[in-house]
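Below: the structure, in structure tokens.
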Amino acid sequence: MNYEHKITICLGSSCFSRGNKEILDIVKGYLKDHNLEHNVFFSGELCTGLCAEGPVLKIDEKVYKLVNNENVFEILNEYFNKQENIS
Ligand code: FES
2 MNYEHKITIC LGSSCFSRGN KEILDIVKGY LKDHNLEHNV FFSGELCTGL CAEGPVLKID
62 EKVYKLVNNE NVFEILNEYF NKQENIS
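Per this note's numbering, residue 2 is the first one in the sequence shown, and the count goes up by one each step.
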């Protein structure tokens, strides 16, 4: 399958303790709600050394640091040009 985009979330222990599990669930739900599941390959990766600025999320070549359960919606909306209400 050819995906147009790729999202990677750090699954290292530091990012885990900073809440990446919740972010992972939010991203999964977002992709589903916006019918992006077939267009975006979503996967985890091991620690890339950015722990102090985690949780870390990558969308294609762009790296987002200090991602939390609020700004993750802004990040996704901005990247995928969606204007939906993020409440
Ligand atoms: S655990 Fe995520 S960058 Fe190190």
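For each residue, glycine too, the CB sits at the ideal point set by N, CA and C. Computed from a prediction, not measured in an experiment: that's the story for all the values here.
Say the cut is 7 Å; is the CB of Gly45 nearer than that to a heavy atom of the ligand FES? Taking the sequence shown and counting its residues from 1, the one referred to as residue 45 is at position 44. No, since every heavy atom of the ligand FES falls outside the 7 Å radius drawn around the Cβ of Gly45.
Taking only three categories from DSSP, how would you classify Lys29? Residue mapping note: residue 29 aligns to position 28 of the sequence shown, counting from 1. In this structure, Lys29 counts as helix in the three-state DSSP scheme.
If we ignore side chains and look at the alpha-carbon of each, how far apart do Phe81 and Ala53 end up? Stepping through the sequence shown from its first residue, residue 81 is reached at position 80. Stepping through the sequence shown from its first residue, residue 53 is reached at position 52. Cα-Cα distance, rounded: 27 Å.
Can you tell me whether Tyr31 is buried or exposed? The criterion is at least 16 other CB atoms within 10 Å of its CB, across all chains shown. Residue 31 sits at position 30 when you count from the first residue of the sequence shown. It is buried - the Cβ of Tyr31 has at least 16 other Cβ atoms within 10 Å.
Endpoints, the alpha helix (DSSP H) within which Cys16 is located: The sequence position of residue 16 within the sequence shown is 15, counting from 1. First-last of the alpha helix (DSSP H) with Cys16: 14-18.
Where does the unbroken beta strand (DSSP E) through Val41 begin, and where does it stop? Taking the sequence shown and counting its residues from 1, the one referred to as residue 41 is at position 40. Note, Val41: beta strand (DSSP E), 41-46.
So what does DSSP say about Lys63, is it helix, strand or coil? Taking the sequence shown and counting its residues from 1, the one referred to as residue 63 is at position 62. If DSSP states are grouped into helix, strand and coil, Lys63 belongs with the strands.
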